[in-house]
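Here the first sequence is numbered in this note's numbering, starting from 6 and rising by one per residue. All residues carry an ideal CB built from backbone N, CA and C; glycine is no exception. Quick caveat: nothing in here was measured; it's all calculated off a predicted structure. Data first, discussion second: the structure below is written as structure tokens.
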Amino acid sequence: MAVKIYNTLSRSREEFKPGDPPEVSFYVCGPTVYDYIHIGNARVFVVFDVIRRYLNYRGYRVKYIQNYTDIDDKMINRANEQGVSVNELADRFIKAYEEDVAALRVRPADVKPKATEHIPQIIELVEKLLANGYAYISDGDVYYDTSSYPQYGQLAHQNQDDLLAGARVEPGEKKKSPLDFVLWKQKKEGEPAWQSPWGEGRPGWHIECSAMSGHYLDDILDIHAGGADLIFPHHENEIAQTWGAEQKPLARYWLHAGYLNIEEQKMSKSLGNVLTVRNLLEEHDPLDLRFLLLSAHYRSPLNFSAELVAQSRSGRMRLQEAVTNLLDATKVAVDASGDKEEKLRADLEETKERFVEAMDDDFNTADALGVIFDLVRSLNKYIKEAPPYNRLLLEEVLQFFREINEIFELIDLASPEALDDELEDMIKRREKARAEKDFATADQIRDDLLARGIVLEDTPHGTRWKRK
RNA sequence: GGCGACAUAGCCAAGUGGUAAGGCAGAGGACUGCAAAUCCUCCAUCCCCGGUUCGAAUCCGGGUGUCGCCUCCA
Numbered sequence: 006m007a008v009k010i011y012n013t014l015s016r017s018r019e020e021f022k023p024g025d026p027p028e029v030s031f032y033v034c035g036p037t038v039y040d041y042i043h044i045g046n047a048r049v050f051v052v053f054d055v056i057r058r059y060l061n062y063r064g065y066r067v068k069y070i071q072n073y074t075d076i077d078d079k080m081i082n083r084a085n086e087q088g089v090s091v092n093e094l095a096d097r098f099i100k101a102y103e104e105d106v107a108a109l110r111v112r113p114a115d116v117k118p119k120a121t122e123h124i125p126q127i128i129e130l131v132e133k134l135l136a137n138g139y140a141y142i143s144d145g146d147v148y149y150d151t152s153s154y155p156q157y158g159q160l161a162h163q164n165q166d167d168l169l170a171g172a173r174v175e176p177g178e179k180k181k182s183p184l185d186f187v188l189w190k191q192k193k194e195g196e197p198a199w200q201s202p203w204g205e206g207r208p209g210w211h212i213e214c215s216a217m218s219g220h221y222l223d224d225i226l227d228i229h230a231g232g233a234d235l236i237f238p239h240h241e242n243e244i245a246q247t248w249g250a251e252q253k254p255l256a257r258y259w260l261h262a263g264y265l266n267i268e269e270q271k272m273s274k275s276l277g278n279v280l281t282v283r284n285l286l287e288e289h290d291p292l293d294l295r296f297l298l299l300s301a302h303y304r305s306p307l308n309f310s311a312e313l314v315a316q317s318r319s320g321r322m323r324l325q326e327a328v329t330n331l332l333d334a335t336k337v338a339v340d341a342s343g344d345k346e347e348k349l350r351a352d353l354e355e356t357k358e359r360f361v362e363a364m365d366d367d368f369n370t371a372d373a374l375g376v377i378f379d380l381v382r383s384l385n386k387y388i389k390e391a392p393p394y395n396r397l398l399l400e401e402v403l404q405f406f407r408e409i410n411e412i413f414e415l416i417d418l419a420s421p422e423a424l425d426d427e428l429e430d431m432i433k434r435r436e437k438a439r440a441e442k443d444f445a446t447a448d449q450i451r452d453d454l455l456a457r458g459i460v461l462e463d464t465p466h467g468t469r470w471k472r473k
């Protein structure tokens, strides 16, 4: 069995064959750091982080690179609006980005290059393109000459004529063709600029990823990923650049995450429905947001609404609850074993296989979740019906949950937090009342705790609590 | 105009030729002092019309609908 990946370049599922296994180079287009990230951005970062974790689980050694775009038109405009320098703006929103994705349990990339720290590499790349005849200078700007690259359009699966038919021509263009794109822009008054062979200026948008991935890796990238809207022109242009400079492909596998819509509508500033991660975290548990993001296949469009977050929370709680049941059962488990264990053991083995099958198939997290829920039912059933429990078996199941949580990270496996003394005392008083059959008092205390967000569950082994 | 994706129960969502996973919500039952959690049972023939096939949600053709890209939006 091998991992299969849907490659946007070929529009088909391909067996994953990295250039130098088990090493895998994985580049994700990171944020332009001019604002807080929204939930659509978050989908990309969560989903590809999960894919990276799965590849690690499958024995690959993934080098994960994610850039920060810290210089472009949006950066400059926003910095001017706010009266700060582009650098200050970048620092501020890089920090915000890292806080936001950390809350969503996205692990940091291994390498986090910034465009502004790779100007020499960018200039070198542009020089190569000029020398190789893939670029031209026009009035101080440098442009990529798309007519020199017949394969231009391969990623978008469009030929140049069709692209031209839909292209918008803006007045005052200095390009030879509407499809050409800027590699280096000459300085305008008040803009950050770097010295170059073509005078003071700054890089175009698409050039940085080509330059930085080339700088950090000698070989072709195994995986290059981003949001679906980057397919054209961003990734198309990156491919053209790397080919023009190095006569080699930029990446073997191109992965693109589907859009996230808000209430069936595209998220956009004009509709005023942009939901920042920062705001959402004020109302929702980050793990519930993760569950929602992983509940559909990463390439499918995904809708976002408060109702769906609530559904996600209910589903996620079933997982969390199962682990709580498991941990409780483990406390009273014994070493003896019997044949009651056979069903659960068989289900565990089957689950392990089906989980890998699902994830191997282009990272089908929705299918994988279904597989996990099947195990949850089997586990709950065992716990309900089969005491005394087999310690070894329960620990194996727990170990499996640890492994998949290392990938999905949807539940807390850590030992539960302590409750403050006052609440702890209320629980004790309620237990006493119950023992004395004073149910009116017991129920009153339970309601009081509920009002404070604490839900009680009476089990055969005692009362336990959880947050609502 | 060019290119592409999608259409599965009230909601979400798997399933690429063999007779519809899973989750949420809902109904009934068990357990519980009552709850909660849990378990059991119930809840779809897959947008429409043709075709291929012994057999199609899955393949082909034609519709309808939704969405997207072709504008430095993840």
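For secondary structure counted as the beta strand (DSSP E) over 3 or more consecutive residues, the segment 88 to 147 holds these complete runs in sequence order: 140 to 143. Assigned with DSSP and collapsed to three states, Trp210 falls in coil, not helix or strand.
The beta carbon of Phe98 sits closer than 6 Å to those of Val38, all from its chain and outside the five residues before and after it, given in chain order.
Residue pairing from DSSP places Thr37 in a beta bridge opposite Thr74.
Assignment of Asn242 by DSSP, reduced to helix, strand and coil, places it in the helix class. Each of Leu235, Gly249, Leu280, Asn242 was checked against the Cα of Leu260, and the nearest Cα belongs to Leu235. Around the beta carbon of Asp223, fewer than 16 other beta carbons sit within 10 angstroms, so the residue counts as exposed. Straight-line measurement puts the Cα of Asn12 at about 12 Å from the Cα of Gly231.
In the structure shown, His220 falls within a helical segment according to DSSP collapsed to helix, strand and coil.
Straight across, the Cα-Cα distance linking Asn385 with Ile244 is about 51 Å. In the three-state DSSP reduction, Gln270 falls in the strand class (E or B).
Shown here, Tyr394 sits in coil according to DSSP, grouped into three states, outside any helix or strand. DSSP places Arg257 within a strand segment (E or B) once states are collapsed to three. For secondary structure counted as the alpha helix (DSSP H) over 4 or more consecutive residues, the segment 359 to 413 holds these complete runs in sequence order: 370 to 390, 396 to 413. Just measuring C-alpha positions, the residue of Gly320, Lys336, Asn395 sitting nearest Arg382 is Gly320. Only residues of its own chain outside the window of five on either side were considered, and among them Thr468 have a CB closer than 7 Å to the CB of Glu436, listed in chain order.
Here Tyr32 is bridged, per DSSP, to Ile70, His229. A distance below 6 Å between beta-carbons, with the five flanking residues on each side excluded, links Arg472 to the following residues of its chain, in chain order: Gly458. His211 sits away from His229, with the two beta carbons spaced by 8 Å or more.
For Asp77, the CB contacts under 7 Å within the same chain, skipping 5 residues up- and downstream, are Thr37, Trp210 in chain order. When the beta-carbon positions are compared, Gly35 and Leu265 stay at least 8 Å from each other.
When DSSP states are grouped into helix, strand and coil, Asp443 belongs to the coil group. With contacts defined as CB atoms closer than 8 Å, Asp227 and Pro27 fail to qualify as a contacting pair. A distance of 8 Å or more separates the beta carbons of Ala233 and Ala256. No Cβ-Cβ contact shorter than 8 Å links Trp199 with Ile142.
Annotation for Arg469: the continuous beta strand (DSSP E) segment containing it runs 467 to 472. Assigned with DSSP and collapsed to three states, Phe237 falls in helix. Contact fails between the segment 115 to 132 and the segment 55 to 62, because fewer than three Cβ pairs, one in each stretch, are under 8 Å apart. Residue pairing by DSSP leaves Asp150 without any beta bridge partner. It is roughly 15 Å from the alpha-carbon of Ile450 to the alpha-carbon of Asp426. In the three-state reduction of the DSSP assignment, Leu188 falls in the strand class.
Gln252 sits exposed, since fewer than 16 C-beta atoms from the chains shown fall within 10 Å of its C-beta. Under the three-state reduction of DSSP output, Thr356 falls in the helix class. Between the alpha carbons of Thr247 and Leu168 lies a gap of roughly 20 Å. The three-state reading of DSSP puts Phe53 in helix, counting H, G and I together.
Arg112 is a Cβ neighbour of Asp54, given a cutoff of 8 Å.
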